[in-house]
Structures are given as structure tokens and as C-alpha cells.
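Chains as they are written, first to last, in the numbering used here: chain A, 2 to 212; chain B, 2 to 212; chain C, 2 to 212.
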């Protein structure tokens, strides 16, 4: 049963990542092909980077037709019905936060299988969840939002640490997974709700200024 | 005989990709080393990305001395004789369009060997042909032209679809290959000749504006 | 004994690469997580790209806890004590130049083991040493400094050529290594001391202008 639950989150998360890529691409006036590419990059970029770095080749999405089809239709739908999707932005944000949790978990579990150290496993989970957005921002010629906005990666790191804590006390694996996802989801929702960012305590050091 | 024909297109395509990378780098006032790197990235970036994603490592160009030498001399020639090469820009554009066709075909055939689905094979062919230019634009701090200008990737996708159609009706493999290359070549030439772009039917959705 | 010597240079080089990434990230007002990521990318980006292209997967840093810990503390120290580190910038620059030499050498030796041609080996050594900075600049939305500033990659190429020359005359391997590192170090120091850049003899060709 938890497998089905995770499967549904996987699809909803993929949809919301793809839609977010499409929206940003449309704002930058990319053509429909560009919008499609940006949807794909946002949705599968993190997993692709993970697969490449740990040597899980060919990368997963080349063999995952469900993801490909879901992303394709998400991008097309955003181009045609973007006006309505904008009204659903809270729903999409909640899917996005759920996806963030699940994708972190997937990345961690794949890294655990390869027997990396705990720190590296959490890093790989975070890369899986967050770096699609980084590639998206690089392609759109922006400094990645991940490095500047509300807490995002930190939610993944916190969720990952707690996940290893729960595994350590021999909690049932499925329960640990659900808790990990929910913690990441909760941190992310609270961060956006209360506009929480990391403090830039070193900003007095800056000598140069940019807008 | 078709092998020799394809070999010549391969070299001409590589030259024109390398020259285009060098020109854009010179316009951004990169130093000669930067021009060299941009030539390489433009010419071999797409194939490198393909090799990494499908797990064909070490990536091909590390073992392909012909490509390396051709790119090196193309970059040097562009730096010394750029003024004259500019006058050949129609010739270079035609080579570029031929290269686009061939590189798509090479990517598709490599993906077919790995038994990916048709959609993924066409995506990999398109990545092979187009993403060197994307990496080039990212390094030069531009939003990739591929996502904004005249039909480019769409030519590869159309050529790929027709290629699979021809294979399906059991046409001779060599003839199918030549037709695939020529279709991509023709679409690309017509697109530039008549300034055809993809319509941005969703542009009324834009809320932000950028130059 | 030379092993220990190289080990110390490795750590000093890693520190200085990580600090340089952190400084640039702080100047762009990234949050602490962004500063951390930029430190990592600068320090391990080149080696990661090398590992991926030659198929040495999983990439080395996933199994190298020393590097991970050194980078982490370098980034944190830069955030807290950046003011003092700025005063040590000549020391850091010297470490950086030593690191440049060592990382080039490491890349070349890994490529030699895979039996690539000499040109490709030198290219891989240069990528190992220089491309962390390229990824850093791309993430910070700058045109890579590598393509525009004082001689940097050229030092690696020159050192690599001399290294192969020394191996050819059967010089003791350890002595050849030390000479290679020192030559790269010396060229880089002289280039910065005398503000040496590659001449842009083709700049009269430029038709467009950008700041």
C-alpha cells in the first residue's frame, strides 16, 4: 500500500516540477520547444545528475516512459491552460513540496544501496530533489533560486538526517519513509508560509554590489 | 560508398559547428583559449551529453583524434581568418544544416542499439545535434538560441520520426539514412530562408517582461 | 615522502579553491547554503567532470571523505572569518597556484592510465584543474573568468607538455611530477604578477560590443 501512495506522490511531484519549469520558460518568452525542454530539465534534471554521479547509467528517465509522458503532457497543458493553472498555484506548491520530500528519499535510498557515507547519501538526496531547478535556472540565465530564496535544500537535509536517525532506532522502514517525506513537506510549507530564509550574517563583508 | 559520404558530412558539420562556436566566443571578447574551448564545446557538447546519459564512457571524442584535430584547426582558422570566413557564411550554414541531420542520425542509431523507445531515441538524436549549442550559450551567459530562434530542434524531431517511418516499411537502411539527413537539412534551410519560428501562442499569459 | 608532500598540496589546494568559491558566492549575496554549494562546486567540479567523461564512476569525491570535510570547513570558515581570510589573499593565491599544478598532474596521470593520446591527457588534466571554476562562474551567472583573464589554463597545458617531455627522457617519475607542478605554479604566479593575458589579435573582427 505505501508503494502505491509513493507512486502517486511521484507523479504529482513530477507534474508540479514540470509545470514550474514551463511557467518560468514562458515568462522568459521561450518558444514551445524551449518550454518543453525546460519542463523536462526541471522534472528530471536532479535525478539525471544523481544517476550520472553515482554511475547508474543509462540515466533512469531514458527507461521510464511514465515520467516522460507525464512531463510532456504537463508542459503542453501549461502552454494551453496556463491561465487556469496559475489559479491552482497553492495546490501545485503543495504537490511540489511533497515531491521534494519523495525525491530526496529516492535519492538517499539509491545512495545507501551504493554504501556511501551518511553525509554523501544526504547530499545525493538533496541533489536529486533540488538540482533540476538549478539546471533550469542556469538555462534561463538566472542565478539559481535555490541559493537565494526561502529554505529549500535545508528541508531536504533536515529530513535526511531524521530519516537516518529513525533507521538507526530500527523503526519500520515504511514508517520512516513517510515521516521523512512529511518532515520535508512541513519544513518547506512553513518556510514559504512565514517567508523563512537563511540569514546572511556575512553580508557586511561584501565589497561589491549587484542588483 | 555511403560511409564515405557520411564521413565527409561528419567533418564538414564538425567544422561548421566549431566555427560557429569560435565566432560567438570572439564576439564576447573571450581570449584565444576561451575561443578554443567554445569551439570544442559547440562541436562535441551534444555527443558528450549523449554519451554520458546513455553510459557510453569514456565519451567518444576522447578516442576520436580526427574530430579533435578538425576542431582545433577550425578554431585557429577562425581566429586568424575570421574576416574571410564571415564571407562564407552561407556555405557554413549549409554545412551546419547537413551536420545537424547527420548528428541527429548518429544519436538515433546509438540509442536504437541500446533498445530505448522511439520517443527516447529521437530525443537522444536531437540532444546529440542540438545541445552543443546549448552548452555554448550557457558558457557565454546567453539564454540558449535553441529555445528562441528559427526552427532547429523541430527539424531533428521531424527527421527522426520520418526515419522510424521508413525503417518500419523496411526501406533499405542506407537510403533511409540519406532521406533522414536530407529532410532535416531541408526543414532547417527553409526555416531560416523564410524566418519560420514556432508560434508563442501562450505569450498573452506573460505577466513579466524582459528585454 | 613525495606522497606526503603531494597530499599536503592536495589539501591546501582544495582549501584555496573552496575559499575562492565561497568568496564569489558571498559577493553575489547567496545564502549560506548557496555559499556551501559554490565552495564544493569550485573545489570538486573539475575532478567530477573528468571522472564523468572518462567513466570513473561513482565520481571520486563521493568516496573521499577528507575532501568533503576540508571543503565544508573551508566554506564555513570563509563565512565566519572572511574578513581575515581576505588579508591572507596572497597566501591563498599561492596555495591556489600549487593546487592548479597538482590537480593538472592528477588528471593527466588518470588519463594516461586509460591510455588516451597525449593531447587528450593534457586536456583532461586541464579540465581537472580549471573547470570547477567554470561551473562556479556558470552558476553565478558570469562568463567564466577562465576564458578572459590572466593566463590560467595555458599554465596547465605548458606544464603538461613538459611533463610528457620529461617522461620521454626517462626522468624519475617523482622528479617529473614535482617539476610539472612547479612549472605550472611558476607560470601562474608570473602571469598574475605581470598581468599577462593572451593577446586578442582578432578583436578588430568584433562587430558587436558588450560591457
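Even for Gly, the Cβ is constructed at its ideal location relative to N, Cα and C. Quantities reported herein were computed from a predicted structural model and do not represent experimental measurements.
Check: Does any CB atom of chain A fall closer than 7 Å to the CB of residue 37 of chain B?
Finding: As a first step, residue 37 of chain B must be located in the second chain, where it is residue number 36. Answer no: the Cβ-Cβ gap between residue 37 of chain B and chain A never drops below 7 Å.
Next item on the list: Note down, in chain order, all residues in the region 59-78 of chain B with a beta-carbon under 8 Å from any beta-carbon belonging to chain D.
Entry: Although the question refers to chain D, the structure presented lacks it and instead comprises the protein chains A, B and C.
Item checked: Simplified DSSP state of residue 25 of chain B, which is helix, strand or coil -> Taking the first residue of the second chain as position 1, residue 25 of chain B is located at position 24. Three-state result, residue 25 of chain B: helix.
Item checked: Candidates A:106, A:111, A:20 and A:183, of which the one nearest residue 84 of chain A by Cα -> Here residue 84 of chain A refers to the residue found at position 83 of the first chain. Of A:106, A:111, A:20 and A:183, the residue nearest in Cα terms is A:20.
Check: Would you call the CB atoms of residue 72 of chain C and residue 40 of chain C closer than 7 Å?
Finding: Taking the first residue of the third chain as 1, we reach residue 72 of chain C at position 71. Taking the first residue of the third chain as 1, we reach residue 40 of chain C at position 39. For residue 72 of chain C and residue 40 of chain C, yes; Cβs fall inside 7 Å.
Checklist line | Nearest neighbour of residue 74 of chain C, chosen from C:13, C:95 and C:113 [CA to CA] | finding: By 1-based counting over the third chain, the position of residue 74 of chain C is 73. The option with the nearest alpha carbon to residue 74 of chain C is C:13.
Next item on the list: Just mark residue 183 of chain A as buried or exposed, buried being the case when its beta carbon has 16 or more other beta carbons within 10 Å.
Entry: Numbered from its first residue, the first chain carries residue 183 of chain A at position 182. Result: exposed.
Item checked: Close beta carbons around residue 112 of chain A, own chain, < 6 Å, minus the five adjacent residues each side -> The residue labelled residue 112 of chain A in the question sits at position 111 within the first chain. If we look at residue 112 of chain A and ignore the five residues flanking it on each side, its Cβ neighbours are 122 and 125.
Margin query: Below 7 Å on C-beta distance, what does residue 139 of chain A contact in chain C?
Written below: On the first chain, residue 139 of chain A is found 138 positions in, with the first residue counted as 1. Residues of chain C passing the Cβ test: 139 and 140.
Checklist line | Segments assigned alpha helix (DSSP H), at least 4 residues, entirely inside the region 166-194 of chain B | finding: 174-194
Check: With respect to the alpha helix (DSSP H) encompassing residue 100 of chain A, which residues constitute its N-terminal and C-terminal limits?
Finding: In the first chain, counting from the first residue as 1, residue 100 of chain A sits at position 99. From DSSP, the alpha helix (DSSP H) with residue 100 of chain A extends over 90-114.
Check: For chain B, is any of its Cβ atoms less than 7 Å away from the one on residue 155 of chain A?
Finding: As a first step, residue 155 of chain A is located in the first chain; it is residue number 154 there, counting from the start. Chain B, which has no Cβ nearer than 7 Å to the Cβ of residue 155 of chain A, makes this no.
Next item on the list: Could you tell me which chain B residues have their CB closer than 7 Å to the CB of residue 162 of chain C, listed as they occur along the chain?
Entry: As a position in the third chain, residue 162 of chain C is number 161, starting the count at 1. The contacting residues do not exist; residue 162 of chain C stays about 14 Å from chain B at best.
Item checked: Inter-residue CB distance, residue 52 of chain B and residue 199 of chain C (contact presumed, cutoff 8 Å) -> Position 51 of the second chain, counting from 1, holds the residue named residue 52 of chain B. Position 198 of the third chain, counting from 1, holds the residue named residue 199 of chain C. That belief does not hold up - the Cβ atoms of residue 52 of chain B and residue 199 of chain C are roughly 30 Å apart, past 8 Å.
Checklist line | Straight-line Cα distance separating residue 173 of chain C from residue 136 of chain A | finding: As a first step, residue 136 of chain A must be located in the first chain, where it is residue number 135. As a first step, residue 173 of chain C must be located in the third chain, where it is residue number 172. When rounded, the distance between both Cα atoms is 45 Å.
Notebook entry, point to check: Just how far apart, CA to CA, sit residue 188 of chain A and residue 161 of chain A?
Noted result: The count along the first chain starts at 1 and reaches residue 188 of chain A at position 187. The count along the first chain starts at 1 and reaches residue 161 of chain A at position 160. In a straight line, the C-alpha of residue 188 of chain A is about 12 Å away from that of residue 161 of chain A.
Next item on the list: Report yes or no: is there a C-beta of chain C within less than 7 Å of the C-beta of residue 148 of chain A?
Entry: As a position in the first chain, residue 148 of chain A is number 147, starting the count at 1. Yes, residue 148 of chain A lies at the interface with chain C (some Cβ there is under 7 Å from its Cβ).
Next item on the list: Return the CA-CA distance between residue 4 of chain C and residue 104 of chain C, expressed in angstroms with no decimal places.
Entry: One-based indexing of the third chain puts residue 4 of chain C at position 3. One-based indexing of the third chain puts residue 104 of chain C at position 103. Approximately 14 Å, taken between the alpha carbons.
Check: From residue 45 of chain B to residue 76 of chain B, what distance separates their C-alpha atoms?
Finding: In the second chain, residue 45 of chain B corresponds to position 44, counting from 1. In the second chain, residue 76 of chain B corresponds to position 75, counting from 1. Going by the C-alpha atoms only, they are around 13 Å apart.
Check: Buried or exposed: where does residue 166 of chain B fall if 16 or more other Cβ atoms within 10 Å of its Cβ makes it buried?
Finding: The count along the second chain starts at 1 and reaches residue 166 of chain B at position 165. The residue in question, residue 166 of chain B, is exposed, as its Cβ has fewer than 16 Cβ neighbours within 10 Å.
Item checked: Nearest to residue 62 of chain A (by Cα), restricted to the options B:60, B:64, B:65 and B:55 -> Here residue 62 of chain A corresponds to residue number 61 of the first chain, with the count starting at 1. When each option's Cα is compared against that of residue 62 of chain A, the closest is B:55.
Notebook entry, point to check: Excluding five sequence neighbours on each side, which residues of the same chain lie with their C-beta closer than 6 Å to the C-beta of residue 190 of chain B?
Noted result: Taking the first residue of the second chain as position 1, residue 190 of chain B is located at position 189. Cβ neighbours of residue 190 of chain B beyond the five flanking positions: 98.
Item checked: Cβ shell of residue 50 of chain B (< 7 Å), same chain only, five flanking positions each side left out -> Taking the second chain and counting its residues from 1, the one referred to as residue 50 of chain B is at position 49. Cβ within range, chain order: 128 and 132.
Next item on the list: To the nearest angstrom, report how far apart residue 176 of chain B and residue 138 of chain B are at their CA atoms.
Entry: For the purposes of this step, residue 176 of chain B is taken as the residue at position 175 of the second chain. For the purposes of this step, residue 138 of chain B is taken as the residue at position 137 of the second chain. Taking the straight line from one Cα to the other gives about 34 Å.
Margin query: Against residue 111 of chain C, what residues of chain B qualify as contacts under a CB-to-CB distance less than 8 Å, listed in chain order?
Written below: What you label residue 111 of chain C is simply residue 110 of the third chain in a count that begins at 1. Per Cβ cutoff of 8 Å: no residues; residue 111 of chain C is ~11 Å from chain B at best.
Notebook entry, point to check: For a contact meaning CB atoms closer than 8 Å, what does residue 54 of chain A contact in chain C?
Noted result: For the purposes of this step, residue 54 of chain A is identified with residue 53 of the first chain, where counting begins at 1. Per Cβ cutoff of 8 Å: 49, 53, 58, 59, 60 and 63.
Notebook entry, point to check: Roughly how many angstroms separate the alpha carbons of residue 180 of chain B and residue 25 of chain A, rounded to a whole number?
Noted result: On the second chain, position 179 is the one that residue 180 of chain B refers to. On the first chain, position 24 is the one that residue 25 of chain A refers to. Each residue's alpha carbon lies about 37 Å from the other.
Next item on the list: List the endpoints of the continuous alpha helix (DSSP H) containing residue 117 of chain C.
Entry: Taking the third chain and counting its residues from 1, the one referred to as residue 117 of chain C is at position 116. Taken as a continuous stretch (DSSP letters only), residue 117 of chain C belongs to no alpha helix (DSSP H), as it is neither H nor E.
Note to self: Helix, strand or coil for residue 10 of chain C? Go by DSSP, reduced to three states.
What the structure shows: For the purposes of this step, residue 10 of chain C is identified with residue 9 of the third chain, where counting begins at 1. Helix at residue 10 of chain C.
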